Amino acid sequence: EADIYQTPRYLVIGTGKKITLECSQTMGHDKMYWYQQDPGMELHLIHYSYGVNSTEKGDLSSESTVSRIRTEHFPLTLESARPSHTSQYLCASSDGSGRNTGELFFGEGSRLTVL
Amino acid sequence: GENVEQHPSTLSVQEGDSAVIKCTYSDSASNYFPWYKQELGKGPQLIIDIRSNVGEKKDQRIAVTLNKTAKHFSLHITETQPEDSAVYFCAASKGVYGGATNKLIFGTGTLLAVQP
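Protein sequence lines, in the order shown, are assigned to chains H and G.
Counting from 1, position 111 in the first sequence corresponds to residue 111 in the numbering used here; the numbering is continuous, with no gaps.
In the numbering used here, each residue carries its 1-based index in the second sequence increased by 1000.
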């Protein structure tokens, strides 16, 4: 069972609001990721981090931002939400050490709806 | 960059039948190919993976085959059960041999429905 948690699971907000999606893992993993999953099922990497104070943009351009101040915490922020941001956001982590098996551990997701 | 194509997008089978999902990749340097299963309301979970130094791997009712020459790999599920119903994703990455960088490129997903 993966020890990676996302909050909130569901969020409905109005346009223009600032939101932060929380992601925490207790496995001590160096690498963390945010994926956006559209209704067509596809997974798009929007941000990743290989360690504290390291963040990179993913393959899909996103207006969101992330931070990695602590190993276990990788929050995603939208300064001004818009209806086009409505989606499912999945956080994941993996072991960056020599024991790395290549496995990504996913949280259960945060479903965001912007009205 | 790497591109992973996955087919079919939806698959319906009768309980007990076999299911096959196929993926092709574009970058011949890719050497790690995992499969993830996503149940309704949950995040994807790794079910099996294969590295480029082997052609086939099996774990109970699931198996994965890899053809490096043709750059395609497939997931085979035998004796399907209703609990196999989920979305399945293939993925590929160019990892360090024996490990992986984990910057995975995912396929577009296959919705598998197993009819009782």
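The C-beta atom is built at its ideal place from N, Cα and C for all residues, glycine as well.
Keep in mind it's a predicted model, so treat the numbers as computed, not measured.
- About 5 Å separates the beta carbons of V1064 of chain G and I1048 of chain G, which is inside the 8 Å limit, making them a contact pair.
- Nearest C-alpha to E72 of chain H among H:G51, H:T65, H:S80: H:G51.
- Under the Cβ distance rule, T1108 of chain G counts among the residues neighbouring chain H, one pair being separated by less than 8 Å.
- A Cβ-Cβ distance of about 34 Å is found for the pair Q1115 of chain G and E1002 of chain G, leaving them out of contact under the 8 Å criterion.
- Within the region 19-43 of chain H, contact with chain G at the beta-carbon level (separation under 7 Å) is assigned to K31, M41, E42, L43.
- The DSSP-derived three-state label of S1028 of chain G is coil.
- Under the DSSP definition of a beta bridge, Q1081 of chain G lacks any partner.
- Under the Cβ distance rule, G51 of chain H does not count among the residues neighbouring chain G, no pair being separated by less than 8 Å.
- Cβ neighbours of Q1081 of chain G within its own chain (closer than 7 Å, five residues either side excluded): E1015, V1114.
- Closest option to S84 of chain H, judged by alpha-carbon separation, among H:I4, H:L112, H:V66, H:L43: H:L112.
- The C-alpha of F1089 of chain G lies about 15 Å from the C-alpha of P39 of chain H.
- Per DSSP, I1047 of chain G is one residue of the beta strand (DSSP E) stretching across 1045-1051.
- Taking every protein chain shown into account, the CB of K1037 of chain G has 16 or more other CB atoms within 10 angstroms, so this residue is buried.
- Less than 8 Å separates the beta-carbon of L1112 of chain G from that of L1011 of chain G.
- Residues of chain H with a Cβ closer than 7 Å to the Cβ of P1044 of chain G are, in chain order, F106.
- Less than 8 Å divides the Cβ of E63 of chain H from the Cβ of L78 of chain H.
- For the region 1010-1032 of chain G, the residues whose beta carbon sits under 7 Å from a beta carbon of chain H are, in order, Y1032.
- Chain-ordered, the chain H residues with CB closer than 9 Å to the CB of P1034 of chain G read G102, E103, L104.
- Under the DSSP assignment, E1015 of chain G falls outside any beta strand (DSSP E); it carries neither an H nor an E label.
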